[in-house]
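Student:
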RNA sequence: GCGAGAGUGGCGGAAUUGGCAGACGCGCUAGACUUAGGAUCUAGUGGGCAACCGUAGGGGUUCAAGUCCCCUCUCUCGCACCA
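Residue numbers (the working numbering): 5 to 822.
#1: Beta-carbon within less than 6 Å of residue 6's beta-carbon, same chain only, minus the 5 sequence neighbours each way: which residues are those?
#2: Measuring only the C-alpha atoms, how far is residue 144 from residue 742?
#3: Within 10 Å of its beta-carbon, does residue 780 have 16 or more other beta-carbons around it, so buried, or fewer, so exposed?
#4: Got a sec? Which residues, its chain only, sit under 6 Å from residue 228 by beta carbon, not counting five neighbours each side?
#5: Kindly provide the ranges of any alpha helix (DSSP H) runs that are 4 or more residues long and lie completely inside the stretch 422 to 500, ordered along the chain.
#6: Could you give the DSSP three-state label for residue 660: helix, strand or coil?
#7: Measure how close the beta-carbons of residue 731 and residue 609 come, nearest whole angstrom, since I'm counting them as under 8 Å.
#8: Between which two residues does the beta strand (DSSP E) containing residue 696 stretch?
#9: Considering only the beta carbon of each residue, do residue 354 and residue 345 sit closer than 8 Å?
#10: Pull up the CB-CB distance for residue 553 and residue 566, whole angstroms please, since I reckon it's below 8 Å.
#11: Could you tell me whether the Cβ atoms of residue 470 and residue 168 are closer together than 8 Å?
#12: Look up residue 621 in the DSSP assignment and say whether it is helix, strand or coil.
#13: Restricting to Cα atoms, I'd like to know which of 243, 358, 111, 766 is closest to residue 275.
#14: Quick check: the stretch 181 to 188 against the stretch 199 to 212, are there 3 or more CB pairs under 8 Å?
#15: Entirely within the stretch 134 to 212 and at least 3 residues each: give me those beta strand (DSSP E) ranges in chain order.
#16: Please report the residue range of the alpha helix (DSSP H) in which residue 215 lies.
#17: Take the Cβ of residue 139 as the centre, count every other Cβ of all protein chains shown within 10 Å, and call the residue buried at 16 or more, exposed below.
#18: Leaving out five residues on either side along the sequence, give the residues of the same chain with a beta carbon under 7 Å from the beta carbon of residue 90.
#19: By the 10 Å Cβ neighbour count, where 16 or more other Cβ atoms means buried, how is residue 127 classified, buried or exposed?
#20: Run through DSSP, which three-state label would residue 758 get?
#21: In three-state DSSP terms, what is residue 723?
#22: Given that a residue counts as buried once 16 or more other Cβ atoms are within 10 Å of its Cβ, and exposed if not, what is residue 821?
#23: Roughly how far, in whole angstroms, is the beta-carbon of residue 239 from the beta-carbon of residue 318, given that I think they are within contact range, below 8 Å?
#24: Exposed or buried, what is residue 333 when buried is set at 16 or more other beta-carbons lying within 10 Å of its beta-carbon?
#25: Pair every Cβ in the stretch 109 to 119 with every Cβ in the stretch 65 to 74, then say whether three or more of these pairs are closer than 8 Å.
#26: For the candidate residues 481, 448, 506, 255, whose alpha-carbon lies nearest to that of residue 492?
#27: For residue 241, which three-state DSSP category applies?
#28: Please determine, among 310, 516, 487, 505, the residue with the shortest C-alpha to C-alpha distance to residue 497.
#29: Counting Cβ pairs, one atom from each stretch, are 3 or more of them under 8 Å apart for the stretch 670 to 678 and the stretch 754 to 772?
#30: Got a sec? Which residues, its chain only, sit under 7 Å from residue 250 by beta carbon, not counting five neighbours each side?
#31: Do you know offhand how far residue 582's Cα is from residue 664's?
#32: Runs of 3 residues minimum, wholly inside the stretch 86 to 124: which ones carry the beta strand (DSSP E) assignment?
#33: If you draw a straight line from the C-alpha of residue 669 to the C-alpha of residue 59, how long is it?
#34: Find out if the Cβ-Cβ distance for the pair residue 501, residue 430 is shorter than 8 Å.
#35: Starting from residue 541, follow the beta strand (DSSP E) in both directions and report where the run begins and ends.
#36: May I ask you to report which of helix, strand or coil DSSP gives residue 1?
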């Protein structure tokens, strides 16, 4: 009987249909099994699944399938991050309603996702733009408001002129401060906006002890939160106006020779003397203009002007001039600093430029230097305090703490902590988002929409115009409402929420999509499945989604909705697949690889396998068309190997050595595959399968009718099942096993069978390989050494000399030192 | 400048925890089968004619270093006048 060839197109759709009919991947609470919540970041429904989605999701699916075979009850859901700008831009450009555009795209992408052969439980799908979903997004907003975690304030904010909306600080990237979505440099605008008080959780967000996340993400988040410890010190002007400064170096207080305020500092106008007023006004105007126009000024040459006012240094009563300069930011600390040019790079440069005095107050330990400083001395671990009154002689290492304590005692200042993290600006002046459930009443002021009135529905009949203001503002039907408190006429808030809010809690929505109960998700489902055990996705979300969702979970914990501190216990990031030209894939470059085409040509299993085999998953790299053909060939070979019969099986006599060799390789492969999948090492997992198939190919003729061959083919199907679910199922069925391979347990290896019976020992003289010995694996040291020394090559190498030392590493080598 | 990561054949990448560098695949070479081959199969494939030399470069520790320590260089990513 001649076997037919491997034709993925003939088997893949068939099995997917069978799986669906059998409800194979429905995830239901089962208290007899340990649970595993595997999650991969949900896609934005842009219209087409691209290779990046495959690269992110296919290996995640492999891992979820592996955990399932390991006996876990696995939840692996999928949904769509469906609010956002492209939908609205399509509406502006082509007159398609964002809802229709989005839902059409979802329909298409859902089918594409299914073609991957993933084990997503589609009955748990959640789409963030549906009222049944965003009702709970709004509900959470109200809870945040109730808890004082949502507030509105007038503030200078970042505005993207291309996207026509404000952005959170996290969504402004790079030195030129461009919009994370479209790359346009942002503008500063003074606007009244809603914020979430993420800074309340700054300290807790710095604690990563409960999660296993990549070091890279941890360090990016730490960096982003930017904790610095020091002291807040109160200074006064000569006229008695108080202003606070923050410093990390209270030990250098005696070295203050001038003060600097940010140009926007509220005290500037008041303290500026008439003589300097014009210069100050000009400088302020220029600073404001600069922040709006050219930010790319390469050299950060320090500039500033004197205000004419003086401050009194509280520690020694000295009068020091107060300047304004744009190197001091209003947004960080108190917007005012004490300048210690002797011990700070920036202050030093400023002092040099404007010829301000420099006073050394930290003396480097062993140098007896005096005179003019060439550069500031910023070392905090060495040196002693000088010119600092009673503190003279205090080592710099303890100076900070001692001075801070002294300041507190004297009532001049206090220990203080500053964070770089800003509160999260969530207002967006766009239509296609969840409306902020707030009403403004002339009588009652800002009034939250009552919970029972949720959801606040987006009107269908909005005008989509790129005005920079929310289209909802011009929608009379939406705008005008009645005040929930007094029943009088009132206006709705017309801004919508940042879509990152939807994705901050979506992992909870999957538990019971569009839940109708009293809270966003079914508590029974939550008690069983939560938290997420394994999360996967791109590292580009390190300081956005991944920080927001941690914040949300902590806030939800404090509301009593969940009982844990972290949303995702373990996180892994995949890399990025580049075009074949090593450039980022883009339509304009014409280097885009379309997964649909690949599936048509090679089948989904080959695409999955190549995406795993081709790169280290966390790194990614350029696409290689030859590479996928190699993997495709491998799958063909596997098909022939397991299915095509041997014409005449050679020796029935079952050569013992080959049986042992195959069995050993089989168990070694199970061990390797298990380890590799545990560690997300998908490329070596596939390499191990290839090695096994290579050996099987060599012994097939001899062992085809043997028991060990059956064991090998069966196990091969099981090991292949997570990677190539369709092919494994087809092979499984053709080998005569019962549906489904995906309901089988992951094979276990026998440690005794993994061990080789004989080992090759390398014999070195002075670390250079001179001979090799094949010995029984359990040979003892004396025997191996004896054998090594008596070998002819070694005798020749030694030339009669007695070795000084003989080192034996069991199972590996003997090193003879002359 | 600060923080994180990386540097191994022509290419993607392997190398338990210091113990045979280059698994597996691509590509390449030769052969077989074929009307044909960009299909398939078989064999070979780090460099060098060799002794030997080889994991970015230079030092060190060790019987033994891709792996540990010190210095230098290059690349990628994040942050960046953060007081």
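Ideal placement from N, C-alpha and C gives every residue a C-beta, glycine not left out.
All values reported here derive from a predicted model rather than from experimental measurement.
Tutor: Taking the structure as given:
#1: As a working note, residue 6 is residue 2 in the first chain. Low local confidence applies: a pLDDT of 48 at residue 6 is under 50, so the model's placement there is unreliable, with the coordinate-based value given in what follows. For residue 6, where only same-chain residues beyond five positions count, there are no Cβ hits under 6 Å.
#2: The residue you call residue 144 lines up with position 140 of the first chain. The residue you call residue 742 lines up with position 738 of the first chain. Straight-line Cα distance between these residues: approximately 47 Å.
#3: Walking along the first chain from the start, residue 780 turns up at place 776. It is exposed - the Cβ of residue 780 has fewer than 16 other Cβ atoms within 10 Å.
#4: By 1-based counting over the first chain, the position of residue 228 is 224. Closer than 6 Å at Cβ, skipping near neighbours: 547.
#5: 480 to 483
#6: Numbered from its first residue, the first chain carries residue 660 at position 656. Here residue 660 sits in helix by DSSP.
#7: On the first chain, position 727 is the one that residue 731 refers to. On the first chain, position 605 is the one that residue 609 refers to. Yes, they are in contact, since the Cβ atoms of residue 731 and residue 609 sit about 5 Å apart, within 8 Å.
#8: Numbered from its first residue, the first chain carries residue 696 at position 692. Where residue 696 is concerned, there is no enclosing beta strand (DSSP E), although the alpha helix (DSSP H) it sits in stretches over 686 to 707.
#9: Taking the first chain and counting its residues from 1, the one referred to as residue 354 is at position 350. Taking the first chain and counting its residues from 1, the one referred to as residue 345 is at position 341. Yes, these two residues count as a Cβ contact at 8 Å.
#10: Here residue 553 is taken as the residue at index 549 of the first chain, counted from 1. Here residue 566 is taken as the residue at index 562 of the first chain, counted from 1. The pair is not a contact, with the Cβ atoms about 12 Å apart (cut-off 8 Å).
#11: As a working mapping, residue 470 is identified with position 466 in the first chain. As a working mapping, residue 168 is identified with position 164 in the first chain. Yes.
#12: Position 617 of the first chain, counting from 1, holds the residue named residue 621. Note: residue 621 maps to coil in three-state DSSP.
#13: As a first step, residue 275 is located in the first chain; it is residue number 271 there, counting from the start. Measuring from the Cα of residue 275, the nearest candidate turns out to be 243.
#14: no
#15: 154 to 164, 169 to 171, 191 to 200
#16: Residue 215 sits at position 211 when you count from the first residue of the first chain. Unbroken run through residue 215: none, as it is neither H nor E.
#17: As a first step, residue 139 is located in the first chain; it is residue number 135 there, counting from the start. Answer is buried; the Cβ neighbour count reaches 16.
#18: In the first chain, the residue the question calls residue 90 occupies position 86. So the qualifying residues of the chain are 50.
#19: In the first chain, counting from the first residue as 1, residue 127 sits at position 123. Flag for residue 127 reads exposed.
#20: The count along the first chain starts at 1 and reaches residue 758 at position 754. Residue 758 falls in the helix class under three-state DSSP.
#21: Mapped onto the first chain, residue 723 falls at position 719. DSSP places residue 723 in helix when its eight states are reduced to three.
#22: Taking the first residue of the first chain as 1, we reach residue 821 at position 817. So residue 821 ends up on the exposed side.
#23: Translated into the one-based positions of the first chain, residue 239 becomes position 235. Translated into the one-based positions of the first chain, residue 318 becomes position 314. Indeed, because the Cβ distance is near 6 Å, the residues count as touching under 8 Å.
#24: Reading the first chain from its first residue, position 329 is the one you call residue 333. Looking at its Cβ environment, which holds fewer than 16 other Cβ atoms inside 10 Å, residue 333 is exposed.
#25: no
#26: In the first chain, counting from the first residue as 1, residue 492 sits at position 488. Among 481, 448, 506, 255, the Cα nearest to that of residue 492 is on 448.
#27: Position 237 of the first chain, counted from the start, is the residue given in the question as residue 241. Strand, per DSSP.
#28: As a first step, residue 497 is located in the first chain; it is residue number 493 there, counting from the start. With distances taken between Cα atoms, residue 497 lies closest to 487.
#29: yes
#30: Translated into the one-based positions of the first chain, residue 250 becomes position 246. Here the set comprises 234, 236, 337, 338, 420, 422.
#31: Here residue 582 refers to the residue found at position 578 of the first chain. Here residue 664 refers to the residue found at position 660 of the first chain. Each residue's Cα considered, the two are about 44 Å apart.
#32: none
#33: In the first chain, residue 669 corresponds to position 665, counting from 1. In the first chain, residue 59 corresponds to position 55, counting from 1. Roughly 30 Å separates the two Cα atoms.
#34: Working through the first chain from its first residue, we reach residue 501 at position 497. Working through the first chain from its first residue, we reach residue 430 at position 426. Yes. Within cutoff.
#35: As a working note, residue 541 is residue 537 in the first chain. Counting along the chain, the beta strand (DSSP E) containing residue 541 begins and ends at 536 to 542.
#36: Because the chain in this structure spans residues 5 to 822, residue 1 falls outside the shown range and cannot be described.
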